[in-house]
Amino acid sequence: MKTNQKTGLFNSGRKISLKVLFVIAAVTFITSLHLTARAQVPPFTQESAEAKLKINESAWNTRDPEKIAELYSPDAEWRDGINMIKGRPAIIAFLKAKFAKEADFKISKEIWGAKLAKNAIRFEAEWRDAKSGQWYHSYGVEVVLFDDKGIIIERYASRNDKPIKAGERSIK
Amino acid sequence: MENKELVPPFSAETAAAKLQLNENEWNTSDAAKVALLYTEDVEWSDRTTFLTGREAVQNYLAEKFAEQKDYKIRKEVWGAKENRNAIRFQEEWQDADGQWFHSYGNEQLEFDEQGVIRKRFGCISDKTIDASAREL
Chain A
1 MKTNQKTGLF NSGRKISLKV LFVIAAVTFI TSLHLTARAQ VPPFTQESAE
51 AKLKINESAW NTRDPEKIAE LYSPDAEWRD GINMIKGRPA IIAFLKAKFA
101 KEADFKISKE IWGAKLAKNA IRFEAEWRDA KSGQWYHSYG VEVVLFDDKG
151 IIIERYASRN DKPIKAGERS IK
Chain B
173 MENKELVPPF SAETAAAKLQ LNENEWNTSD AAKVALLYTE DVEWSDRTTF
223 LTGREAVQNY LAEKFAEQKD YKIRKEVWGA KENRNAIRFQ EEWQDADGQW
273 FHSYGNEQLE FDEQGVIRKR FGCISDKTID ASAREL
């Protein structure tokens with residue numbers, strides 16, 4: 001009985017410590033991702049720009065306007081299509097309307113070039129028109145300018161949309 | 173500097189000088205002239221159209237300039253590194269019905285060793301405007 005208890009205690013103790021270890025490892029991994037993102041400041045290399053863009057792409061794929069807006073400075077200047085947008089609150093409002101219209105939005109981004117504080121990016125997105133149900137595959141080009149802390153202060157993007165069938169979707 | 177002398181690797185200055193020549197060609201609305209900016213086997217996209225080769229580009233541009241009357245474009249270098257440029261541009265044109273447009277676009281270019289564009293990807297967003305709102 002005593003032995004069993006001890007064994008039981010020992011076992012549960014080991015289980016807890018494994019769980020704790022797993023949590024610590026997970027937290028460390030996530031924190032390091034965030035630190036890596038933050039550590040990516042100008043001047044950019046192809047590699048640091050790519051690492052930073054991965055974080056940017058993940059934020060966009062949450063479709064959470066507040067989260068995406070954090071990538072941009074409070075007074076960031078945007079052109080998205082023909083819309084001129086200034087400041088985080090305006091960006092959030094714009095993104096809310098965008099994601100209400102563009103259901104199931106998914107985006108894939110790729111660095112074209114990176115130099116000093118500027119990046120040029122190509123992207124492809126897929127989404128379903130919330131009203132009509134029509135699927136689209138979009139091609140886009142954006143250029144961004146970062147401040148010295150690695151926050152985007154200017155972003156100019158154009159995108160063109162091609163109607164597709166649901167079965168033609170290619171962005172995973 | 174002559175266009176032929178403006179080859180990679182680009183500085184902001186050489187990229188700007190080369191882009192001025194590129195802009196001049198586009199402003200002729202002459203598809204054959206504009207097509208010469210690109211290599212014979214160029215990989216080229218405009219909006220959702222993806223093309224390969226100078227001839228296909230020329231045909232596409234001939235249609236574009238037929239549809240977009242009184243076409244004017246202004247280009248600006250966003251960044252230049254090695255053999256790649258990122259460019260912002262604005263266009264104004266009118267369609268067959270006389271509706272005027274102001275368009276905003278970005279393009280990304282890659283040059284070969286002779287300074288001829290071998291890859292071009294462009295995206296454009298069109299805004300309808302009154303004739304009096306033209307800026308270019």
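Residue numbers (the numbering used here), protein chains in the order written: chain A, 1 to 172; chain B, 173 to 308. In this text, a Cβ means the ideal position worked out from N, Cα and C, and glycines have one as well. Note that the coordinates shown come from a computational prediction; the quantities given were computed from them, not determined experimentally.
Just to check my reading of the structure: residue i and residue j have Cβ atoms closer than 8 angstroms, yes? What is that Cβ distance to the nearest angstrom?
i, j, result
"N119/A", "I111/A", "6 angstroms"
"I82/A", "I91/A", "Not really, about 16 angstroms apart at Cβ, beyond 8 angstroms."
"A130/A", "K101/A", "6 angstroms"
"K115/A", "G251/B", "5 angstroms"
"A116/B", "V249/B", "No answer is possible for residue 116/B: the residues shown for chain B start at 173 and end at 308."
"P180/B", "E285/B", "7 angstroms"
"K247/B", "L191/B", "5 angstroms"
"I151/A", "S73/A", "5 angstroms"
"R290/B", "T211/B", "4 angstroms"
"R219/B", "I301/B", "About 19 angstroms separates the two Cβ atoms, so there is no contact after all."
"D104/A", "G87/A", "About 28 angstroms separates the two Cβ atoms, so there is no contact after all."
Using only the alpha-carbon positions, how far apart do residue i and residue j sit?
i, j, result
"E227/B", "T221/B", "14 angstroms"
"K205/B", "G277/B", "21 angstroms"
"E126/A", "R169/A", "7 angstroms"
"R292/B", "L18/A", "53 angstroms"
"P89/A", "E77/A", "12 angstroms"
"L9/A", "S132/A", "Bear in mind that the predicted position of L9/A carries a pLDDT of just 45, short of 50, making it too unreliable to give a figure here."
"E264/B", "L233/B", "16 angstroms"
"K149/A", "V41/A", "6 angstroms"
"E254/B", "D298/B", "31 angstroms"
"K236/B", "E50/A", "35 angstroms"
"Q262/B", "F22/A", "53 angstroms"
"E70/A", "A25/A", "26 angstroms"
"N61/A", "L281/B", "27 angstroms"
"K67/A", "F123/A", "19 angstroms"
"T45/A", "A117/A", "10 angstroms"
"Q266/B", "A39/A", "47 angstroms"
"Y156/A", "E177/B", "31 angstroms"
"L193/B", "D242/B", "19 angstroms"
"N175/B", "E215/B", "21 angstroms"
"A184/B", "D80/A", "25 angstroms"
"L95/A", "G167/A", "26 angstroms"
"I171/A", "V27/A", "29 angstroms"
"E154/A", "Q134/A", "31 angstroms"
"F146/A", "A189/B", "25 angstroms"
"K109/A", "N231/B", "30 angstroms"
"A305/B", "N196/B", "23 angstroms"
"S275/B", "K165/A", "28 angstroms"
"R128/A", "M173/B", "49 angstroms"
"S217/B", "V20/A", "52 angstroms"
"G113/A", "G294/B", "15 angstroms"
"L308/B", "L209/B", "23 angstroms"
"M1/A", "R63/A", "Any reading at M1/A is ruled out, since the residue's pLDDT is 45, under 50, leaving its predicted position unreliable."
Just to make sure I have the definition right: I need the residues of chain B whose C-beta is within less than 8 angstroms of the C-beta of residue i. Which are they?
i, result
"R159/A", "C295 and S297"
"K162/A", "T220"
Could you list which residues in chain A have their beta carbon closer than 7 angstroms to that of residue i, in chain order?
i, result
"R260/B", "V143 and Y156"
"R256/B", "W112 and G113"
"Y276/B", "R79, I82 and S158"
Which first and last residues belong to the alpha helix (DSSP H) in which residue i is found?
i, result
"S170/A", "It is not in any alpha helix (DSSP H) - S170/A carries neither H nor E in the DSSP assignment."
"S48/A", "Q46 to N61"
"K118/A", "Note, K118/A: premise wrong, no alpha helix (DSSP H); beta strand (DSSP E) at K118 to D129."
"L223/B", "No alpha helix (DSSP H) holds L223/B; the beta strand (DSSP E) holding it covers T221 to T224."
"R88/A", "R88 to K101"
"L191/B", "A184 to W198"
"E177/B", "Looking at the DSSP string, E177/B is not in any alpha helix (DSSP H), and its letter there is neither H nor E."
Considering only heavy atoms of the ligand ZN, does any lie closer than 7 angstroms to the CB of residue i?
i, result
"A268/B", "Among the ligands in the structure shown, none appear at all, so the ligand ZN cannot be discussed."
Run through chain A and tell me which residues come within less than 8 angstroms of residue i, C-beta to C-beta.
i, result
"E279/B", "V141"
"K253/B", "G113, A114 and K115"
"S217/B", "Y139"
Which residues bound the beta strand (DSSP E) around residue i?
i, result
"A157/A", "I152 to I164"
"I301/B", "I289 to I301"
"I82/A", "Unbroken run through I82/A: none, as it is neither H nor E."
"I146/A", "Sequence check: residue 146/A is Phe here, not Ile. Here the beta strand (DSSP E) through F146/A covers W135 to F146."
"Q271/B", "Run containing Q271/B: none; DSSP gives neither H nor E here."
"T211/B", "Y210 to D218"
"V249/B", "K241 to K253"
Please compile the residues from chain A whose C-beta is within a distance smaller than 9 angstroms of the C-beta of residue i.
i, result
"S304/B", "Here the premise fails: no neighbours, minimum Cβ distance about 18 angstroms."
Which residues of chain B have a Cβ atom closer than 7 angstroms to the Cβ of residue i, listed in chain order?
i, result
"G81/A", "S297"
"K118/A", "W250 and G251"
"R128/A", "The contacting residues do not exist; R128/A stays about 17 angstroms from chain B at best."
"R122/A", "Q280 and F293"
**Asked** Is it a yes or a no for the region 157-165 of chain A touching the region 129-138 of chain A, going by three-plus beta-carbon pairs under 8 angstroms?
**Response** yes
Exercise for the section: Evaluate contact between the region 197-216 of chain B and the region 252-260 of chain B, counting only Cβ atoms and requiring at least three cross-stretch pairs below 8 angstroms. Expected result: They do not touch, by the three-pair rule.
*Is the region 42-62 of chain A touching the region 264-277 of chain B in the sense that three or more CB pairs, one from each, lie closer than 8 angstroms?*
no
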